[in-house]
Amino acid sequence: MPVRARSFIRKMRGGAQAHLLEGEDGAFYVVKFVNNPQHRRILINEWLACAFLRYLQIHVPETAVIELTSEFIENTPDLYFSVGSRREHIPPGLHFGSRLSVHPDRVAIFDFLPDKLLSKIENRVDFLGALVFDKWVANADSRQAVFFRARAKTWTPLKGEAPARLGFFAQMIDHGFAFSGPHWEFRDSPIQGLYFRTAVYNDVRSLDSFQPWVAMIENFPVEVIDSAWKEIPRGWMNDDERLLEDLLEKLLKRRSRVAELIQQVQRAKTTAFANWR
Ligand SMILES: Nc1ncnc2c1ncn2[C@@H]1O[C@H](COP(=O)(O)OP(=O)(O)O)[C@@H](O)[C@H]1O
Ligand SMILES: [Mg+2]
Numbered sequence: 081m082p083v084r085a086r087s088f089i090r091k092m093r094g095g096a097q098a099h100l101l102e103g104e105d106g107a108f109y110v111v112k113f114v115n116n117p118q119h120r121r122i123l124i125n126e127w128l129a130c131a132f133l134r135y136l137q138i139h140v141p142e143t144a145v146i147e148l149t150s151e152f153i154e155n156t157p158d159l160y161f162s163v164g165s166r167r168e169h170i171p172p173g174l175h176f177g178s179r180l181s182v183h184p185d186r187v188a189i190f191d192f193l194p195d196k197l198l199s200k201i202e203n204r205v206d207f208l209g210a211l212v213f214d215k216w217v218a219n220a221d222s223r224q225a226v227f228f229r230a231r232a233k234t235w236t237p238l239k240g241e242a243p244a245r246l247g248f249f250a251q252m253i254d255h256g257f258a259f260s261g262p263h264w265e266f267r268d269s270p271i272q273g274l275y276f277r278t279a280v281y282n283d284v285r286s287l288d289s290f291q292p293w294v295a296m297i298e299n300f301p302v303e304v305i306d307s308a309w310k311e312i313p314r315g316w317m318n319d320d321e322r323l324l325e326d327l328l329e330k331l332l333k334r335r336s337r338v339a340e341l342i343q344q345v346q347r348a349k350t351t352a353f354a355n356w357r
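Per this note's numbering, residue 81 is the first one in the sequence shown, and the count goes up by one each step.
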């Protein structure tokens, strides 16, 4: 069920020119639009990546299909892209929303944290899982995350023992360039997908440190891919159905390659894993 947008909050940084909107459900969403300056396909990439990461139990935002009505668009003059000096309008219909896990006026959400705080993130292991995932989907971007303070028990079921105290949490975001972005292919490069602060990989000792994600991806269920695929609004596809099927076939075949792709990171960029033995 799509969530209707009810108010415009602000424009966000980034190449997709996403907008922060409030939905009729009272939640806040960073919305990427079908005619965004990157490509329509990045909405599909976002949708699939979040569903797959969720299966891998890596923290990602909830996602939703966001509906913009003609009435909302008419009443929201701030809703447009800047292309050079030109303004490009956003059409009514269904778009992609990544839900904020905290209220933006009450809790600070950070794009970056200093290394000292990075080492204290409660779910820091998610960066290891995310790297295995990014290798699998050939994410052509660097890893991106947002951070905020929360009590784990109040907002999400954390793996294992959830701390009751306030701690910093990371959520993995921005998967527009999974599958090499608009190209929908698997171009592997050892340095892509890494987080720019390699302190998050300080616990890596060997390939074993990337278990259980390697094993989970090697056995990734076709059904998870299928059900995420079925949820994609057909309007995001244009004539891409066949291409997408091919892409997902190739993705299935690549499941067995993730361990090798991680080893390539170690060989090519030895500074990424400072404690690899
Ligand atoms: N679920 C989310 N929760 C909080 N902030 C988010 C969320 N999704 C995106 N953002 C914010 O919006 C910005 C733009 O989103 P991003 O996915 O990085 O778009 P782009 O593809 O344009 O870089 C991010 O830098 C981040 O600050
Ligand atoms: Mg980004």
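Don't be surprised by glycine CBs; every beta carbon is placed ideally from N, CA and C.
In the structure shown, Val111 adopts extended strand secondary structure according to DSSP, grouped into three states. Gln251 is bridged by DSSP to Val226. DSSP places Ile124 outside any beta strand (DSSP E); the residue lies instead in the alpha helix (DSSP H), whose first and last residues are Arg121 to Tyr135. Taking Val226 as the centre and dropping the five residues before and after it, the same chain places the C-beta of Ile189, Phe190, Asp191, Ala250, Gln251 and Ile253 closer than 8 Å to its C-beta, in chain order.
In this model, Val294 and Ile305 are separated by some 17 Å (Cα to Cα).
If you ignore the 5 residues before and after Phe176, its C-beta comes within less than 6 Å of the C-beta of Lys112, Leu123 and Glu126, all in its own chain and listed in chain order. Secondary structure note for Phe176: its beta strand (DSSP E) is the uninterrupted segment Gly173 to Arg179. Inter-segment contact for the region 199-211 and the region 327-335 is absent: fewer than three beta-carbon pairs are separated by less than 8 Å. In the three-state scheme derived from DSSP, where H, G and I count as helix and E and B as strand, Gly103 is classed as strand.
In terms of CA proximity to Arg93, Val110 leads the group Val83, Val110 and Leu193.
Using a C-beta cut-off of 8 Å, the region 279-287 makes contact with the region 346-356, since at least three inter-stretch Cβ pairs fall below that distance.
Rounded to the nearest angstrom, the Cβ distance from Ala220 to Arg267 is 7 Å, consistent with a contact under 8 Å. Here Ala348 is exposed. Its C-beta has fewer than 16 other C-beta atoms within 10 Å. For the options Arg334, Pro141 and Arg314, the alpha carbon positioned closest to that of Cys130 is the one of Pro141.
Collapsing the DSSP output to three states places Val304 in a helix.
Inclusion of Ile170 and Ile153 in the CB contact set at 8 Å is warranted, their separation being smaller than that value. Annotation for Gln224 indicates a beta carbon within 7 Å of some heavy atom of ligand 2.
According to the DSSP assignment, Ser150 belongs to the alpha helix (DSSP H) that extends over Ser150 to Glu154. Per DSSP, Lys349 lies in no alpha helix (DSSP H) segment and is marked neither H nor E. Residue pairing for Ile146: DSSP places it in a beta bridge opposite Val83 and His175. No Cβ-Cβ contact shorter than 8 Å links Asp214 with Gly256. The beta carbon of Ile297 sits closer than 8 Å to the beta carbons of Leu136, Val212, Phe213, Trp216, Arg335 and Val338 from its chain, once the five residues preceding and following it are set aside; these are given in chain order. DSSP places Val212 inside the alpha helix (DSSP H), whose first and last residues are Asp206 to Trp216.
For the 8 Å CB-CB criterion, Arg223 and Ala210 form a contact. Put simply, of Val182, Pro313, Pro172 and Ser165 the residue whose alpha carbon is nearest the alpha carbon of Ser150 is Pro172. Under the 10 Å beta carbon count, Asn115 is surrounded by fewer than 16 other beta carbons and is classified as exposed. In the DSSP assignment, Arg322 falls within the unbroken alpha helix (DSSP H) covering Glu321 to Lys333. No Cβ-Cβ contact shorter than 8 Å links Ala107 with Arg186. Around the Cβ of Leu198, a 10 Å sphere holds 16 or more other Cβ atoms; the residue is buried.
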